[in-house]
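These notes are about the structure you will find just below.
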Amino acid sequence: SAPDHTVLSDPAAPQPFVFLNRYPIVIWVLNVIICEFIVARYYMHSCSWPSTGKEGGKDVHVALIADPQLTDAYSYRMNPGTKLSLVEFYSDIYMKRNFKLLNARFNPDHIIVLGDLMDGGREWIRGPLREVMFDTLELKRFNHIFVNPTTAPKLRYIPGNHDIGIATTILPEAYARFKKTFGQINYSFKIANHNIIALDTLSYLASAESPYFKKTESFLLNFLENDDAKSPRILLSHVPLYRPDAANCGPLRNNPPLKQAYGYQYQNLINQPLTTYILKNTKPVLVLSGDDHDDCAYVHNGPESEHKQIPEHSIKTFSWLQGNLYPGFALLSLNADVQGLQDTSGFQIGKCALPPQRDIYQWYIYLAGISFIGSFVWVFITRESWAPGIVNAGGSKGKKEEDASRRTNMKLSTLGVIIWTIVYGVVAFLEILLSTAVAYAVLLIYDWL
Numbered sequence: 001s002a003p004d005h006t007v008l009s010d011p012a013a014p015q016p017f018v019f020l021n022r023y024p025i026v027i028w029v030l031n032v033i034i035c036e037f038i039v040a041r042y043y044m045h046s047c048s049w050p051s052t053g054k055e056g057g058k059d060v061h062v063a064l065i066a067d068p069q070l071t072d073a074y075s076y077r078m079n080p081g082t083k084l085s086l087v088e089f090y091s092d093i094y095m096k097r098n099f100k101l102l103n104a105r106f107n108p109d110h111i112i113v114l115g116d117l118m119d120g121g122r123e124w125i126r127g128p129l130r131e132v133m134f135d136t137l138e139l140k141r142f143n144h145i146f147v148n149p150t151t152a153p154k155l156r157y158i159p160g161n162h163d164i165g166i167a168t169t170i171l172p173e174a175y176a177r178f179k180k181t182f183g184q185i186n187y188s189f190k191i192a193n194h195n196i197i198a199l200d201t202l203s204y205l206a207s208a209e210s211p212y213f214k215k216t217e218s219f220l221l222n223f224l225e226n227d228d229a230k231s232p233r234i235l236l237s238h239v240p241l242y243r244p245d246a247a248n249c250g251p252l253r254n255n256p257p258l259k260q261a262y263g264y265q266y267q268n269l270i271n272q273p274l275t276t277y278i279l280k281n282t283k284p285v286l287v288l289s290g291d292d293h294d295d296c297a298y299v300h301n302g303p304e305s306e307h308k309q310i311p312e313h314s315i316k317t318f319s320w321l322q323g324n325l326y327p328g329f330a331l332l333s334l335n336a337d338v339q340g341l342q343d344t345s346g347f348q349i350g351k352c353a354l355p356p357q358r359d360i361y362q363w364y365i366y367l368a369g370i371s372f373i374g375s376f377v378w379v380f381i382t383r384e385s386w387a388p389g390i391v392n393a394g395g396s397k398g399k400k401e402e403d404a405s406r407r408t409n410m411k412l413s414t415l416g417v418i419i420w421t422i423v424y425g426v427v428a429f430l431e432i433l434l435s436t437a438v439a440y441a442v443l444l445i446y447d448w449l
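Be aware that the sequence shown starts at 1, since it is given in my numbering, and climbs by one per residue.
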């Protein structure tokens with residue numbers, strides 16, 4: 001009779017398992033592409049420049065960004081290390097990506113940053129080492145996100161309380177450094193026949209004896225003395241002007257109404273008397289502010305003798321790590337076809353949302369949990385493809401048929417099934433993670449460069 005070439009495999013050792021089911025990998029890679037590439041572009045393309053509707057001149061476009069507030073060691077009181085580096089990176093990459101898209105999509109003529117450029121800006125002054133760290137680390141981070149040969153000529157800044165302090169706690173070193181690095185503290189400029197007044201209201205909250213109060217007061221009086229009052233004015237203030245605690249900010253606000261409050265290096269709103277003084281003297285047709293980190297469209301009543309209303313728009317933070325899960329920015333269109341100080345027909349403002357990055361990361365965690373469990377389930381239900389059995393090395397067809405029943409009846413032990421399901425499940429899940437990590441890294445590098 002023919003020799004028996006049929007041998008039994010070791011029941012404890014499974015056959016090599018080939019991972020042929022690539023659906024989880026495809027799903028993950030598509031999710032990463034959608035969440036890290038498509039979603040941001042969808043948000044940008046869902047917004048557009050508002051039109052003034054003027055036929056006498058071309059609209060000039062201004063992008064408004066508030067409170068980028070670069071996350072640093074002072075944000076969450078974290079010590080330098082891997083955790084802080086990761087938080088800073090994911091803060092920066094979000095703003096880098098969206099600022100690139102903003103410029104590619106809208107190509108603004110001007111970009112105004114309404115203060116709080118860095119979270120710990122005012123803190124990087126205590127000792128020469130921190131000055132060096134500011135220049136080599138924090139400023140480098142900021143420039144990498146926002147400043148390049150295309151945007152540099154368009155950018156204008158006003159200081160925030162996180163940059164220089166506020167009221168009686170203005171820090172001389174921080175004040176001087178901001179002026180040296182980012183330009184004048186108080187200044188005015190013209191866009192499309194509109195006078196833009198960048199007013200340091202932070203210093204205006206100090207006492208009248210403060211040198212910083214005097215600088216702001218001197219600037220404003222000098223501006224009013226030399227301006228011909230023939231063009232509409234737009235006021236820029238980091239801290240919002242006074243509004244009642246129950247003020248309605250409109251449908252775009254995510255958080256509860258902002259109430260007047262004071263604390264270490266902050267004040268939520270400009271005092272009511274100072275607000276009245278500023279509005280009475282500047283007579284703006286529009287006020288733009290930040291600091292609130294959320295949207296607020298509020299209308300101030302002007303001086304009683306003028307019976308006018310003055311809209312103020314507080315702009316959302318540009319960062320996803322500053323207390324607002326739904327960041328944003330604004331687009332301002334200005335037209336030079338205006339006549340006189342009180343002409344309100346030359347501007348229109350639109351609000352734009354940015355992706356809710358925290359929701360995206362939560363979705364990743366949820367999907368990872370499903371994938372982790374699913375890897376083991378899939379391996380278990382496909383165990384027949386890798387379960388050990390009889391390996392036929394040759395022999396007659398009849399012999400194979402004789403051994404069919406033996407092969408069918410041979411089962412892995414319960415313990416063996418559990419062990420190899422765990423092993424192959426972990427391998428399958430790691431395969432998903434590795435493939436996803438490659439796609440994710442490519443997209444991050446694209447955004448970072």
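C-beta: ideal position from N, C-alpha, C; glycine also.
In the DSSP assignment, Val285 falls outside any beta strand (DSSP E), carrying neither H nor E. Remark: C-beta atoms of Asp200 and His162 do not approach each other more closely than 8 Å.
For Ile111, the three-state secondary structure derived from DSSP is strand. Residue pairing from DSSP places Phe347 in a beta bridge opposite Leu334.
Per the coordinates, the alpha-carbon of Ile93 lies some 36 Å from the alpha-carbon of Ile422. Annotation: His45 to Val338 spans about 30 Å, alpha carbon to alpha carbon. The beta carbon of Ala246 is closer than 8 Å to those of Pro257 in its chain, skipping five residues each way along the sequence.
The shortest CA-to-CA distance from Lys215 to any of Ser231, Ala167, Asn248 and Lys259 is the one to Ala167.
DSSP places Tyr187 inside the beta strand (DSSP E), whose first and last residues are Tyr187 to Ile191.
CA-CA distance, Ser345 to Gly121, rounds to 38 Å. Judged by pairs of C-beta atoms under 8 Å, the stretch 281 to 301 touches the stretch 234 to 243, as three or more such pairs exist.
The beta-bridge partner set that DSSP reports for Phe329 consists of Cys352. Note on geometry: alpha-carbon atoms of His110 and Ser237 lie some 17 Å from one another. In the DSSP annotation of this structure, the continuous segment of the alpha helix (DSSP H) that includes Pro172 starts and ends at Pro172 to Phe182. Proximity of the stretch 277 to 294 to the stretch 303 to 322 meets the contact definition, three or more beta-carbon pairs being nearer than 8 Å.
Nearest C-alpha to Arg177 among Met118, Ala206 and Asp359: Met118. Annotation for Lys308: Gly302 place their beta carbon closer than 6 Å to its own, counting only its chain and skipping 5 residues before and after. In the DSSP assignment, Ile38 falls outside any beta strand (DSSP E), carrying neither H nor E. Contact holds between the stretch 189 to 204 and the stretch 223 to 238, because three or more Cβ pairs, one in each stretch, are under 8 Å apart. For the 8 Å CB-CB criterion, Val113 and Leu334 do not form a contact.
The alpha-carbon separation between Gly53 and Ile349 amounts to approximately 12 Å. With contacts defined by Cβ atoms closer than 8 Å, Ala229 and Leu341 form a contacting pair. In summary, Arg141 is buried, with 16 or more beta-carbon neighbours lying within 10 Å of its beta-carbon over all protein chains present.
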